[in-house]
Amino acid sequence: MTTEKIDGVSVNTQANVYFDGKCVSHGLTLADGTKLSVGVILPATLTFNTGAPEIMECVGGSCEYKLDGSSEWVKSSAGEEFSIPGNSKFEIRVTEPYHYICHFG
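Letter by letter, the sequence shown follows residues 8 to 112 of this note's numbering.
This is the structure we're talking about:
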């Protein structure tokens, strides 16, 4: 199921802009202190590093991703998610705007 709305959040109004604007997100904090980011990745192939484990939830569009140490690209579409270990990296390949929620920790 695709998340369409997140209630009861505090939003960081300053955008996080990465890769010359190919990825733009806003940080959210839920009432219980849980941190998320909501954003969009424009067509590109990018490499992200992680500190904490992350779950990428696709809410629109699609992507292909490749986890560190893997040679296989895996497709993820709206309503699907994938997990990235902490202290790792992953590549993401996008051919259409990819809208996501990143769940940390």
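Virtual Cβ for every residue (Gly too), placed ideally from N, Cα, C.
No experiment lies behind these values; they were computed from the predicted model shown.
Residue span of the beta strand (DSSP E) that contains residue i, given as start and end
| i | result |
| --- | --- |
| glutamate 11 | Where glutamate 11 is concerned, there is no enclosing beta strand (DSSP E), given that its DSSP letter is neither H nor E. |
| glutamate 88 | 88 to 91 |
| tyrosine 61 | The displayed chain sequence assigns glutamate, not tyrosine, to residue 61. Here the beta strand (DSSP E) through glutamate 61 covers 61 to 67. |
| asparagine 124 | Shown here, the chain extends from 8 to 112; a query on residue 124 therefore has no answer. |
| glycine 46 | 42 to 48 |
Three-state class that DSSP yields for residue i in the structure shown
| i | result |
| --- | --- |
| glycine 34 | strand |
| glycine 58 | coil |
| glycine 15 | coil |
| glycine 76 | coil |
Inter-residue spacing [alpha-carbon to alpha-carbon] between residue i and residue j
| i | j | result |
| --- | --- | --- |
| threonine 54 | lysine 82 | 16 angstroms |
| lysine 12 | valine 18 | 13 angstroms |
| isoleucine 108 | alanine 22 | 14 angstroms |
| alanine 85 | threonine 9 | 6 angstroms |
| proline 104 | valine 16 | 24 angstroms |
Selected residue, minimal CA-CA separation from residue i, among the options
| i | options | result |
| --- | --- | --- |
| aspartate 14 | Leu35, Gly93, Trp80, Gly28 | Leu35 |
Could you tell me whether the segment 25 to 41 touches the segment 61 to 72, using the rule of 3 or more Cβ pairs below 8 angstroms? In short, these stretches do not touch, since the Cβ pair count stays below three.
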